[in-house]
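Engineer: So the sequence shown is numbered by full-length UniProt numbering: it starts at 1 and just counts up by one. For every residue, glycine included, the Cβ atom is placed at its ideal position computed from N, Cα and C. Once you've had a glance at the structure underneath, I'll fire off some questions.
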Amino acid sequence: MTKERVKAYEALKNALTNSPFLLTPDWKLPFKLYIAACGEGLGAALNQTQISNDRPVEGPIFFISRQIKPTEARYGAVTGALLSEEGPALSKLGLTYGGLRIW
């Protein structure tokens with residue numbers, strides 16, 4: 001096996017065996033909500049930038065995803081992303097969106 005293959009294998013093994021760390025939310029700092037949609041599912045990640053070792057570090061606080069329903073499979077990617085934004089992420093997290101508290 002070449003050195004490049006060993007290096008690639010080790011990188012893949014590391015990515016698969018080391019789960020991302022979750023930050024404890026700091027309610028005084030702003031949050032970032034990332035959403036995504038594809039033909040099979042919807043997902044969101046709630047992130048926050050916090051100071052660690054005197055450096056700003058953005059990290060995840062919460063992940064959520066769900067499989068799309070058969071009727072939603074006909075929607076385009078933009079509509080799917082909106083479903084993701086309006087669907088599991090905001091309702092599960094109890095976030096404020098557009099000045100309204102979402103529960």
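Under 7 Å: does the beta carbon of F63 sit that close to some heavy atom of the ligand FAD?
Structural biologist: As far as ligands go, the structure on display features none, and thus does not contain the ligand FAD.
Engineer: Within its chain, find whatever has a CB closer than 7 Å to the CB of P25; leave out the 5 residues flanking it on each side and keep chain order.
Structural biologist: Along the sequence shown, read from residue 1 onward, the residue named residue 25 stands at position 25. Taken in chain order, the residues that qualify are Q48 and I61.
Engineer: Would L29 be called buried (16 or more neighbouring beta carbons within 10 Å of its own) or exposed?
Structural biologist: For the purposes of this step, residue 29 is taken as residue 29 along the sequence shown, with counting starting at 1. L29 comes out exposed.
Engineer: Report the rounded CA-to-CA distance for L23 versus I64, giving the unit in angstroms.
Structural biologist: By 1-based counting over the sequence shown, the position of residue 23 is 23. By 1-based counting over the sequence shown, the position of residue 64 is 64. So the alpha carbons of these two residues sit roughly 15 Å apart.
Engineer: Could you check if I68 is buried or exposed, using at least 16 other CB atoms within 10 Å of its CB as the buried criterion?
Structural biologist: For the purposes of this step, residue 68 is identified with residue 68 of the sequence shown, where counting begins at 1. When all chains shown are included, I68 counts as buried.
Engineer: Would you call the CB atoms of R74 and L42 closer than 8 Å?
Structural biologist: Residue mapping note: residue 74 aligns to position 74 of the sequence shown, counting from 1. Residue mapping note: residue 42 aligns to position 42 of the sequence shown, counting from 1. Cβ atoms of R74 and L42: not closer than 8 Å.
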